[in-house]
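What follows is one structure encoded as structure tokens, with my remarks underneath.
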Ligand code: GLU
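Residue numbers (the working numbering): 39 to 547.
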């Protein structure tokens with residue numbers, strides 16, 4: 039078993055936007071596959087027609103592509119085990135359901151929803167919970183209790199039925215989870231799960247096991263919420279005679295709420311104002327829009343780095359990992375059993391680190407894209423200078439526009455408090471001289487030029503810089519704070535600087 043080629047799958051159901059926890063599951067599968075030189079498969083588990091949401095599959099595809107998670111086999115790339123969409127594999131499941139019926143591991147059940155409900159009520163009255171299992175199955179309407187001719191007649195006449203798994207009464211299920219260690223479950227705790235529904239579609243359990251077997255999956259790496267299903271899956275592998283090639287299991291820890299208790303939900307994101315989905319999602323039915331990390335301004339590399347360390351640790355102090363480095367370092371042994379608290383501040387910190395590490399050119403490009411969305415025009419040269427001036431001061435590219443709008447337009451108003459505190463007659467005098475000097479300057483207008491000309495103006499008026507600098511900043515930006523003042527002047531350019539000084543002097547005098 040050890041030299042079995044590594045084949046893992048990410049198997050989302052297209053029931054809505056992919057949750058960030060699902061994204062992490064995909065990532066861990068991907069890292070594990072690449073580390074082992076194995077194969078990464080994506081399978082769409084869409085057998086639950088009632089929960090199908092249009093656009094969800096495309097959303098999954100786009101999310102993975104945006105994050106740089108590459109697939110080797112998928113509905114979109116094809117592969118040796120196509121189709122990779124379960125709704126297109128119906129006949130396959132039917133065949134194995136038949137096998138289980140013939141070997142006595144499954145049976146037809148004809149109980150109507152009303153009959154099941156009545157049973158439930160009866161149990162409730164005696165303070166018990168109804169389970170369709172070894173104890174109750176012989177009191178129900180199924181192929182174990184009805185004569186064979188009657189079963190054949192019901193099926194032939196088109197009466198709806200399901201196929202249920204005949205869970206063994208007393209069997210111990212032991213398995214070793216690569217994250218959780220030994221797990222032992224008694225089969226008596228598992229009910230007779232439906233394998234085939236009355237609409238002819240398999241349930242998750244049957245389809246999942248059959249496909250993992252047929253697709254030769256070596257490791258099932260999935261969220262903790264699927265741990266309770268694993269014993270049933272193991273029983274199915276046994277019943278189908280596939281135990282020898284059963285995949286190994288690894289159940290990933292939950293992503294927890296920022297407060298630390300309970301599973302992270304969309305509501306937490308709404309409450310605290312952060313995304314829990316990789317991309318923005320518009321609910322096709324309600325039109326409700328959920329925010330996405332991409333639209334919030336996260337770089338995919340930062341999101342990946344953040345997610346990788348939510349539940350896994352490298353065993354060192356290193357926090358910044360490229361995808362390649364993650365692939366080289368990742369192991370399931372270092373995935374924790376305990377849930378990982380979702381801390382959006384950490385995500386923000388990662389984004390900041392990744393922005394700092396961008397080249398000025400790349401940041402300028404991203405800035406131009408952002409400006410384009412807001413229909414603000416700007417040359418590449420100017421964007422490059424802004425990128426350089428702002429790189430260390432932001433966590434998101436869009437913050438350049440929100441916190442330094444003055445690069446793109448002159449202030450319309452001046453912050454009243456700053457005006458009261460920082461505007462003064464001396465500054466007015468110096469700035470007027472300064473503006474004249476700039477106007478007469480014929481060569482390139484750089485931050486150094488600006489500084490020199492300002493020093494000349496200060497000397498001519500006999501005023502200390504401390505009185506003038508905040509006023510100049512006010513004239514240029516409308517407020518206080520921001521990047522290096524001489525950089526702002528140089529970036530705005532000679533003409534614009536003169537215009538802004540003159541406007542401020544005129545308005546604030
Ligand atoms: N379709 C399941 C899901 O939506 C897959 C669980 C598994 O990986 O077995 O997560």
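Where a beta carbon is used, it is the ideal one built from N, C-alpha and C, also for glycine.
Check: So, with DSSP's three-state summary, where would you put residue 527?; Outcome: helix
Check: Tell me whether residue 445 sits in a helix, a strand or coil according to DSSP, three-state version.; Outcome: helix
Check: Exposed or buried, which one is residue 207 when buried takes at least 16 other CB atoms within 10 Å?; Outcome: exposed
Check: When every heavy atom of the ligand GLU is checked, does at least one fall within less than 8 Å of the C-beta of residue 264?; Outcome: yes
Check: Would you check whether the ligand GLU has a heavy atom nearer than 8 Å to the C-beta of residue 125?; Outcome: no
Check: Here's the rule I'm using: 16 or more other beta-carbon atoms within 10 Å means buried, otherwise exposed. How should residue 285 be labelled?; Outcome: buried
Check: Which residue's Cα is closest to the Cα of residue 523: 537, 538, 536, 507?; Outcome: 507
Check: Could you tell me if residue 39 is buried or exposed, where buried requires 16 or more neighbouring beta carbons within 10 angstroms of its beta carbon?; Outcome: Unreliable positioning characterises residue 39 in this predicted model, as indicated by a pLDDT of 49, which lies under 50. The coordinate reading is nonetheless provided below. When all chains shown are included, residue 39 counts as exposed.
Check: Skipping 5 residues on each side, what residues in its chain have a beta carbon closer than 6 Å to that of residue 169?; Outcome: 229
Check: Residue 314 and residue 58 - do their beta-carbons sit closer together than 9 Å?; Outcome: yes
Check: Are the CB atoms of residue 529 and residue 429 within a distance shorter than 9 Å?; Outcome: no
Check: Out of 479, 488, 531, 470, point me to the one whose CA is closest to residue 544's CA.; Outcome: 470
Check: Measuring alpha carbon to alpha carbon, tell me which residue in 514, 539, 44, 260 is nearest residue 477.; Outcome: 539
Check: Which residues bound the alpha helix (DSSP H) around residue 424?; Outcome: 418-428
Check: For residue 142, count neighbouring Cβ atoms within 10 angstroms of its own Cβ and tell me buried if that reaches 16, exposed if not.; Outcome: exposed
Check: Contact between the segment 75-83 and the segment 99-114 is defined here as three or more beta-carbon pairs at a separation below 8 Å; is this criterion met?; Outcome: yes
Check: Rounding to the nearest angstrom, what Cα-Cα distance links residue 156 and residue 72 in this structure?; Outcome: 52 Å
Check: Using three-state DSSP, classify residue 180 as helix, strand or coil.; Outcome: strand
Check: Do you know offhand how far residue 383's Cα is from residue 434's?; Outcome: 13 Å
Check: Helix, strand or coil, according to DSSP, for residue 373 in the structure here?; Outcome: strand
Check: CB of residue 240 to nearest heavy atom of the ligand GLU: below 8 Å?; Outcome: no
Check: Within 9 Å (strictly less), CB to CB, does residue 96 reach chain D?; Outcome: This model lacks chain D altogether, as it is built from one protein chain only.
Check: Nearest to residue 251 by alpha carbon, out of 47, 449, 535, 450?; Outcome: 47
Check: Among residues of its own chain, excluding the 5 on either side of residue 34, which ones have a beta-carbon nearer than 8 Å to its beta-carbon?; Outcome: Any property of residue 34 remains undetermined from this structure, which presents the chain solely from 39 to 547.
Check: Rounding to the nearest angstrom, what Cα-Cα distance links residue 205 and residue 277 in this structure?; Outcome: 10 Å
Check: Between the segment 320-337 and the segment 82-90, are three or more C-beta pairs nearer than 8 Å?; Outcome: no
Check: When you measure from the CB of residue 47 to every non-hydrogen atom of the ligand GLU, does any distance come out below 8 Å?; Outcome: yes
Check: Candidates 60, 436, 438, 500: which alpha carbon is nearest residue 467's?; Outcome: 500
Check: Check this for me: beta carbons of residue 328 and residue 318, under 9 Å apart or not?; Outcome: yes
Check: Considering only residues of the same chain and omitting the five flanking positions on each side of residue 244, which have a CB-CB separation below 6 Å?; Outcome: 131, 233
Check: CB-CB under 7 Å to residue 465, same chain, minus the five flanking residues each way: which ones, in chain order?; Outcome: 505, 506, 509
Check: Can you determine whether any heavy atom of the ligand GLU sits closer than 8 Å to the C-beta of residue 260, and answer yes or no?; Outcome: yes
Check: Report the partner residues of residue 328 according to the DSSP bridge assignment.; Outcome: 319
Check: Express the C-alpha separation of residue 346 and residue 359 in angstroms, rounding to a whole number.; Outcome: 9 Å
Check: Can residue 260 and residue 49 be called in contact, C-beta distance under 9 Å?; Outcome: yes
Check: Less than 7 Å between C-beta atoms, sequence neighbours within five positions excluded: which residues of the same chain meet that for residue 300?; Outcome: 294
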